[in-house]
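All remarks here apply to the structure that follows.
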Amino acid sequence: MSFNPSGGYLTDLTLRLAWGASRLDPEVRDNSRQWLLSQQRSDGGFAGREGDSDPYYTAFGLRGLLIVDGIDDAVASRAADFLSATLDTPPDKPLGVVDLVSAVMAASILELTHGIEVIAPESDLRQSILDRLETHRCHDGGYAKLPGGVAGSTYQTFLNLLAYELLGGEAPEPDRIVRFLDTQRMVDGGFREIRVAKRAGVNPTAAGIGALKALGRLDPSLEELTIEFLADMATDEGGLSANDRISLADLLSSCTGMVTMSDLGATDRLNLGGLHRYAMSMRRVENGELLGGFHGFAFDREVDVEYTFYGLSLLALIEAHREDPEGESGAAGDDGTGTAGAEGAGAR
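This is the structure in structure tokens:
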């Protein structure tokens with residue numbers, strides 16, 4: 000696949016996460032590493048809260064382990080075997096596009112950490128993946144979640160652009176993608192997921208800004224409305240909610256919102272101390288014992304590798320942006336309530 004370490008959206012994010020992770024509390028790193036390692040299945044993949052291993056959760060498992068420096072030779076070899084077997088699918092039973100892009104992401108991690116090429120640069124497999132991505136292109140310039148879709152999805156467009164980046168290709172007609180993304184903007188500064196959506200959300204907004212950044216078309220100086228939209232999603236819990244109709248924070252929205260504010264150079268508009276406390280409160284604890292993994296939101300009873308990645312990523316980005324590792328930084332006041340300035344589920 001020839002992962003390019005010199006640039007790109009994911010490379011930039013990986014470097015920021017690695018820097019922040021180096022400053023994490025050793026207890027958080029070690030506990031999370033051991034829990035994530037325990038989640039790798041005998042087939043080399045990772046699974047969700049039920050069911051078998053799949054590429055989606057395998058990508059999150061490996062991304063989480065990458066943050067806490069937990070991918071050793073054995074983990075990488077087993078994961079590579081799983082991904083190779085998963086990508087070797089018969090033509091009449093192709094992977095869904097989310098699983099396909101997830102497999103590309105997971106494979107890029109193994110190439111980055113261990114030089115394992117699950118997808119060779121000039122292989123038929125690489126070309127077939129690129130061809131599959133284009134079957135999701137819509138007349139509006141975006142990418143749909145299903146082949147031949149009539150309307151683009153902000154999130155799927157972002158995912159497909161990341162896949163192109165990792166495979167060393169370029170999405171055709173990038174100007175049409177930019178025009179599509181412009182149509183997804185709402186008057187409040189956020190982005191909607193699909194054109195029939197009534198309101199913007201944190202996660203499609205993160206996808207829209209991420210897509211613009213991946214295309215090299217992001218100008219943070221023009222995104223003040225988006226910054227205000229994201230800052231307004233802060234809750235009393237300290238985290239961010241998914242949209243303005245939901246009062247409960249969740250770890251996905253908190254993480255993607257933080258990533259986007261970092262991309263826009265606006266983390267000073269967030270209460271980093273409150274976000275840190277929220278993320279730490281999502282760790283699984285029973286009878287005072289830290290058991291590993293992160294919950295998705297306050298009433299979530301389970302943990303999984305996806306939300307554990309979000310929790311670790313949020314904590315790492317907070318550390319990367321703290322002026323004083325011991326302080327509250329950003330917009331937080333002495334009481335951590337953020338007195339200065341305004342403050343998806345996943346793909347499945």
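Counted from 1, the sequence shown has number 90 at position 91 by numbering that gives the first Met the number 0; the numbering is strictly sequential. C-beta atoms are modelled at their ideal positions from N, C-alpha and C, and glycine is treated no differently.
> Going along the chain, which residues of its own chain have a beta-carbon closer than 7 Å to the beta-carbon of isoleucine 66, five neighbours each way excluded?
Replying inline: Along the sequence shown, read from residue 1 onward, the residue named residue 66 stands at position 67. Closer than 7 Å at the Cβ level, and outside the excluded window around isoleucine 66, lie Leu16, Ala20, Leu311, Ser312, Ala315.
> Less than 8 Å separating the beta-carbons of glycine 141 and phenylalanine 179?
Replying inline: As a first step, residue 141 is located in the sequence shown; it is residue number 142 there, counting from the start. As a first step, residue 179 is located in the sequence shown; it is residue number 180 there, counting from the start. Against a cut-off of 8 Å, the Cβ pair of phenylalanine 179 and glycine 141 comes out as a contact.
> Going by DSSP, which residues form a beta bridge with serine 152?
Replying inline: In the sequence shown, the residue the question calls residue 152 occupies position 153. Answer by DSSP bridge pairing, in chain order: Tyr142.
>> Just to check my reading of the structure: glycine 81 and glycine 43 have Cβ atoms closer than 8 Å, yes? What is that Cβ distance to the nearest angstrom?
In response: Within the sequence shown, numbered from 1, the residue matching residue 81 stands at position 82. Within the sequence shown, numbered from 1, the residue matching residue 43 stands at position 44. Inspection of the sequence shows that residue 81 is occupied by phenylalanine rather than by glycine. Confirmed, Cβ separation roughly 3 Å.
>> In whole angstroms, give me the CA-to-CA distance for alanine 230 and threonine 10.
In response: Counting from 1 along the sequence shown, the entry for residue 230 is found at position 231. Counting from 1 along the sequence shown, the entry for residue 10 is found at position 11. Distance between the alpha carbons of alanine 230 and threonine 10 is about 26 Å.
>> Taking only three categories from DSSP, how would you classify leucine 23?
In response: The residue labelled residue 23 in the question sits at position 24 within the sequence shown. In this structure, leucine 23 counts as coil in the three-state DSSP scheme.
> If leucine 145 and methionine 104 are in contact, beta carbons under 8 Å, what's the gap, nearest whole angstrom?
Replying inline: Indexing the sequence shown from 1 puts residue 145 at position 146. Indexing the sequence shown from 1 puts residue 104 at position 105. At roughly 20 Å, the Cβ-Cβ gap does not stay under 8 Å, so leucine 145 and methionine 104 are not in contact.
>> Rounding to the nearest angstrom, what Cα-Cα distance links glutamate 325 and glutamine 126 in this structure?
In response: Position 326 of the sequence shown, counting from 1, holds the residue named residue 325. Position 127 of the sequence shown, counting from 1, holds the residue named residue 126. Any reading at glutamate 325 is ruled out, since the residue's pLDDT is 45, under 50, leaving its predicted position unreliable.
> Taking the C-alpha atoms as reference points, what is the distance between glycine 7 and glutamate 164?
Replying inline: Taking the first residue of the sequence shown as 1, we reach residue 7 at position 8. Taking the first residue of the sequence shown as 1, we reach residue 164 at position 165. When rounded, the distance between both Cα atoms is 7 Å.
> Do the segment 27-42 and the segment 282-301 touch if we need at least three Cβ pairs shorter than 8 Å?
Replying inline: yes
> Straight-line CA distance for tryptophan 18 to glycine 168?
Replying inline: Numbered from 1 along the sequence shown, position 19 holds the residue referred to as residue 18. Numbered from 1 along the sequence shown, position 169 holds the residue referred to as residue 168. Computed Cα separation, rounded: 28 Å.
> Where do the ends of the alpha helix (DSSP H) carrying valine 103 lie?
Replying inline: Along the sequence shown, one-based indexing puts residue 103 at 104. Valine 103 -> alpha helix (DSSP H) spans 96-113.
> Going by beta carbon distance, what residues of the same chain come within less than 7 Å of serine 220, once the five residues before and after it are set aside?
Replying inline: By one-based count along the sequence shown, residue 220 stands at place 221. Nothing listed; no residue qualifies.
>> With distance defined between alpha-carbon atoms, name the residue in Ala150, Tyr154, Leu158 nearest to leucine 129.
In response: As a working mapping, residue 129 is identified with position 130 in the sequence shown. Each of Ala150, Tyr154, Leu158 was checked against the Cα of leucine 129, and the nearest Cα belongs to Leu158.
> If isoleucine 118 and arginine 62 are in contact, beta carbons under 8 Å, what's the gap, nearest whole angstrom?
Replying inline: In the sequence shown, the residue the question calls residue 118 occupies position 119. In the sequence shown, the residue the question calls residue 62 occupies position 63. Between isoleucine 118 and arginine 62, the beta carbon gap of about 17 Å keeps them out of contact (Cβ cut-off 8 Å).
> What do you get for asparagine 286, buried or exposed, if any count of 16 or more other CB atoms within 10 angstroms of its CB means buried?
Replying inline: Here residue 286 is taken as the residue at index 287 of the sequence shown, counted from 1. Around the beta carbon of asparagine 286, fewer than 16 other beta carbons sit within 10 angstroms, so the residue counts as exposed.
> Between alanine 150 and the rest of its own chain, which residues show a CB-CB distance below 7 Å, the 5 nearest in sequence each way excluded?
Replying inline: Locating residue 150 in the sequence shown gives position 151, counting from the first residue. Same-chain partners within the cutoff: Cys137, Asp139, Ala143, Ile193, Arg194.
> How is the alpha helix (DSSP H) around glycine 360 delimited, first residue to last?
Replying inline: No answer is possible for residue 360: the residues shown for the chain start at 0 and end at 347.
> Where do the N-terminal and C-terminal ends of the beta strand (DSSP E) with phenylalanine 293 fall, by residue?
Replying inline: Counting from 1 along the sequence shown, the entry for residue 293 is found at position 294. Its beta strand (DSSP E) spans residues 288-293.
> Buried or exposed: which applies to serine 41, given that a residue is buried once 16 or more other Cβ atoms fall within 10 Å of its Cβ?
Replying inline: As a working note, residue 41 is residue 42 in the sequence shown. The residue in question, serine 41, is exposed, as its Cβ has fewer than 16 Cβ neighbours within 10 Å.
> How would you call glutamate 342, buried or exposed, if buried means at least 16 neighbouring beta carbons within 10 angstroms?
Replying inline: The residue you call residue 342 lines up with position 343 of the sequence shown. Here glutamate 342 scores only 27 on pLDDT, less than 50, and its place in the model is too uncertain to base an answer on.
>> DSSP three-state label for phenylalanine 179, please.
In response: Locating residue 179 in the sequence shown gives position 180, counting from the first residue. In this structure, phenylalanine 179 counts as helix in the three-state DSSP scheme.
>> Tell me which residues share the same chain as threonine 156 and place their Cβ nearer than 8 Å to its Cβ, disregarding the 5 neighbours each side in the sequence.
In response: The residue you call residue 156 lines up with position 157 of the sequence shown. Here the set comprises Gly141, Tyr142, Ile176, Phe179, Leu180, Ala206, Ala210.
>> Checking 8 Å against the spacing of the C-beta atoms, do proline 173 and leucine 214 come in under that value?
In response: Taking the first residue of the sequence shown as 1, we reach residue 173 at position 174. Taking the first residue of the sequence shown as 1, we reach residue 214 at position 215. Contact flag set, yes.
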